[in-house]
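Q:
Number of protein chains: 2
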Amino acid sequence: MLKVTVIGSGNVAQHLIKAFSKADGVSIVQVYARSAESLLHLFPQQLITTDLSGLKEADIYIIAVTDNAIAEVSAQLPFKKRLVVHTSGSVSIDALNSNNRRGVFYPLQTFSKNKEVDFNNIPICLESESAEDYELLATLANSISGNIFNVTSNQRKALHVAAVFASNFTNHMYVLANEICTEHKMPFDILKPLITETAAKVKELSPLKAQTGPAIRHDSKTLEAHLEMLTNDNQRNIYKTLTQSIQAHAEKL
Amino acid sequence: MLKVTVIGSGNVAQHLIKAFSKADGVSIVQVYARSAESLLHLFPQQLITTDLSGLKEADIYIIAVTDNAIAEVSAQLPFKKRLVVHTSGSVSIDALNSNNRRGVFYPLQTFSKNKEVDFNNIPICLESESAEDYELLATLANSISGNIFNVTSNQRKALHVAAVFASNFTNHMYVLANEICTEHKMPFDILKPLITETAAKVKELSPLKAQTGPAIRHDSKTLEAHLEMLTNDNQRNIYKTLTQSIQAHAEKL
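First to last, the sequence lines map onto chains A and B. The first sequence begins at 3 in our numbering and counts up by one. The second sequence begins at 3 in our numbering and counts up by one.
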């Protein structure tokens, strides 16, 4: 039985607590949170500590806090030579205090408090300082996901940037589409099948081959009509910038 | 039995031919294509005409050609007072020649030649000049989809712009994410679960509420690190533009 301690109470911490609670071969021995209330719906109060110095022994300590707090939290841990990992896509393994054995356990997914996720398909990117620790992390990752990758700190940083495009910026496209629907008294629902299909398409086709629309067709009449429809400079600026980028990428095909 | 003629041989025309071929209560009496070869895998050669003047009688003529050709094709039809519709998101109903009864049959979806789509969930936006013609179009639309909307020409234009954001620009985010993965020797596959989940989230949450990432958290350290990772001005420009837009929209929450 792999003994795990989760440090943190945010979105990633809560999703990991849920996933490990259901996993075979893993036991969460303790969770650290600045205030216990945020976790009482998920975890028994007597196993929550609000004091880092009260942390008990575990095989792996998972620091799932905001990026800027990782170094500080890892420096406050009251033990040495244990395996301590963070869950961040953009922070180097070196940010962790070297008193302990260091690693990274980065689940590449977007987590929201009110939306359940199925960990089975979530890629987990692992990094460690030794082969032994990699084995421990792989055992832990395999208990919740079938999708494990060995990724260096530098690759992980690039992956995190790629994920910002593939997820955060994509979601912002939905925000802008929703804004346009609302302005013209149409329900956002009408766009949902299109959103689903657009995401499904790139499972089978490369994104460059999946590209459709007036930009890649150089359909100047439609492009001009669209710019006239848009009601604010932010929408127009983004429309022009992305149209140019689509056309520049099409030339590479 | 509703008799339909499809005019065109591109993506939308081919997907409509496939869908109507399987639909109950609809019969495709003829298809017009500039060259028959492009449709021989879908449709019997003897029912394909390459001459608009050879069009036979039908209840509804569906012009599924590029936007710029709609007016010209509709003006060349060798009959009057029949129901003629186009399938474009961005062209007004008025672009159709007024010799005939005019309408719009706009399936709001992204169509690629090599990717099957399920019409059942595709919203079809209808417009007509009379209630009788609307009934005909609704009957046709219901034969392939359960998702029918009455949308004016002006709303449809706005919807088409919204669809560019929700689909074309979203796909371009995937293109840029793929580019970053390739630059760092990682497979695009690693991002696919994230892409699927990002699209799935907005079925349950509003896009504004679903927004995650360093921009909305105002995580300046990560934002700076990401800009340093990016390898070209196009990526950097888009990263900055969309980060600013995300932050401006968050203030509206």
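Where is the CB? At the ideal position from N, CA and C, for every residue including glycine.
By the criterion of Cβ-Cβ separation under 8 Å, what are the contact partners of residue 194 (chain B) in chain A?
A: In chain order: 204 and 205.
Q: When Cβ atoms are compared, which residues of the stretch 140-160 of chain B fall closer than 8 Å to chain A?
A: Under the 8 Å Cβ criterion, the stretch 140-160 of chain B contributes 149, 151, 153, 156, 157, 159 and 160.
Q: Distance, Cα to Cα, residue 139 (chain B) vs residue 88 (chain B)?
A: Roughly 12 Å separates the two Cα atoms.
Q: Checking contacts by CB at 8 Å: is residue 69 (chain B) closer than that to chain A?
A: It does; some Cβ of chain A falls within 8 Å.
Q: Is the beta carbon of residue 200 (chain B) less than 8 Å from the beta carbon of residue 172 (chain A)?
A: In contact: residue 200 (chain B) and residue 172 (chain A) (Cβ atoms closer than 8 Å).
Q: Out of curiosity, what's the CA-to-CA distance linking residue 228 (chain A) and residue 210 (chain A)?
A: Computed Cα separation, rounded: 22 Å.
Q: Any contact of the stretch 154-171 of chain B with the stretch 147-161 of chain A, i.e. 3+ C-beta pairs under 8 Å?
A: Too few Cβ pairs lie closer than 8 Å, so no.
Q: Check distances from the C-beta atoms of the stretch 157-182 of chain B to those of chain A and list, in chain order, the residues that come in under 7 Å.
A: Per Cβ criterion, the list reads 157, 159, 160, 161, 163, 164, 165, 166, 167, 168, 169, 170, 171, 172, 173, 174, 175, 176, 177, 178, 179, 180 and 182.
Q: Answer yes if the stretch 147-156 of chain A comes into contact with the stretch 30-38 of chain A, meaning at least three C-beta pairs across the two stretches below 8 Å, and no otherwise.
A: Touching, no.
Q: So, is the C-beta of residue 215 (chain A) closer than 8 Å to a C-beta in chain B?
A: Yes - at least one Cβ of chain B is within 8 Å of the one on residue 215 (chain A).
Q: Ordered along the chain, which non-local residues of its own chain (more than five positions away) have a Cβ less than 6 Å from that of residue 218 (chain A)?
A: Excluding positions up to five away in sequence, the list reads 248 and 252.
Q: Between which two residues does the alpha helix (DSSP H) containing residue 1 (chain B) stretch?
A: In the structure as shown, chain B starts at 3 and stops at 255, and residue 1 (chain B) therefore has no counterpart that could be examined.
Q: Is the beta carbon of residue 109 (chain B) closer than 8 Å to that of residue 95 (chain B)?
A: Contact: no.
Q: Under 8 Å, Cβ to Cβ, is there at least one residue of chain A near residue 227 (chain B)?
A: Yes - at least one Cβ of chain A is within 8 Å of the one on residue 227 (chain B).
Q: Whole angstroms is fine: what's the gap from residue 49 (chain B)'s alpha carbon to residue 187 (chain B)'s?
A: Cα to Cα, residue 49 (chain B) sits roughly 50 Å from residue 187 (chain B).
Q: What are the start and end residues of the alpha helix (DSSP H) that includes residue 173 (chain A)?
A: 172-185 is the extent of the alpha helix (DSSP H) around residue 173 (chain A).
Q: Quick one: list the residues of chain A neighbouring residue 110 (chain B), beta-carbon separation under 8 Å, in chain order.
A: The answer, in chain order, is 192, 193, 195 and 196.
Q: Using a Cβ cut-off of 7 Å, pull out every chain A residue sitting near residue 186 (chain B), in sequence order please.
A: Near residue 186 (chain B) (Cβ distances below 7 Å), the residues of chain A are 157 and 160.
Q: Can you round the beta-carbon distance between residue 65 (chain A) and residue 105 (chain A) to whole angstroms, since I take them to be within the 8 Å contact cut?
A: The Cβ separation is near 10 Å, so there is no contact.
Q: Residues of the stretch 82-93 of chain A in Cβ contact with chain B at a cutoff of 8 Å, in chain order, please.
A: Residues 92.
Q: Taking 7 Å as the cut-off, is the C-beta of residue 156 (chain B) nearer than that to any heavy atom in the ligand PLP?
A: Absent from the structure shown: the ligand PLP. Ligands present: none.
Q: Let me check understanding here. Comparing Cα to Cα, which of B:78, B:80 and B:147 lies closest to residue 195 (chain A)?
A: Selected option, being the one with the closest Cα: B:147.
Q: Below 9 Å on C-beta distance, what does residue 251 (chain B) contact in chain A?
A: Under the 9 Å cutoff, chain A gives 174, 177, 178, 181 and 236.
Q: Interface residues of chain B around residue 76 (chain A) at Cβ under 7 Å?
A: Those do not exist, as residue 76 (chain A) stays about 16 Å from chain B at its closest Cβ, beyond 7 Å.
Q: Kindly list, in the order they appear in chain A, the residues whose Cβ is closer than 7 Å to that of residue 247 (chain B).
A: Going along chain A in sequence order, the residues near residue 247 (chain B) (Cβ under 7 Å) are 174, 236 and 240.
Q: If you measure between the beta carbons of residue 69 (chain A) and residue 40 (chain A), is that distance less than 8 Å?
A: Cβ distance not < 8 Å, so residue 69 (chain A) and residue 40 (chain A) don't count as in contact.
Q: Could you confirm whether any beta carbon from chain B is found closer than 8 Å to the beta carbon of residue 102 (chain A)?
A: So, not an interface residue.
Q: Please name the residues in the stretch 123-138 of chain A whose beta-carbon is closer than 7 Å to at least one beta-carbon of chain B, in chain order.
A: Hits within the stretch, in order: 123, 124 and 125.
Q: Check whether the Cβ atoms of residue 97 (chain B) and residue 73 (chain B) lie closer than 8 Å to each other.
A: Contact: yes.
Q: With DSSP run on the structure shown, which of helix, strand or coil describes residue 153 (chain B)?
A: Three-state DSSP puts residue 153 (chain B) in coil, outside helix and strand.
Q: Where does residue 107 (chain A) fall in DSSP's three states?
A: It is a strand residue.
Q: Mind listing the chain A neighbours of residue 221 (chain B)? Cutoff is C-beta to C-beta under 8 Å, in chain order.
A: Result: 68, 69 and 70.
Q: State the beta-bridge partners of residue 1 (chain B) as determined by DSSP.
A: Residue 1 (chain B) lies beyond the range of chain B shown here (3 to 255); nothing can be said about it.
Q: So, are the CB atoms of residue 85 (chain A) and residue 62 (chain A) less than 8 Å apart?
A: The answer is yes: Cβ separation under 8 Å.
Q: Need the endpoints of the alpha helix (DSSP H) that residue 210 (chain A) sits in, please.
A: 209-212 is the extent of the alpha helix (DSSP H) around residue 210 (chain A).
Q: Less than 8 Å separating the beta-carbons of residue 145 (chain B) and residue 25 (chain B)?
A: For residue 145 (chain B) and residue 25 (chain B), yes; Cβs fall inside 8 Å.
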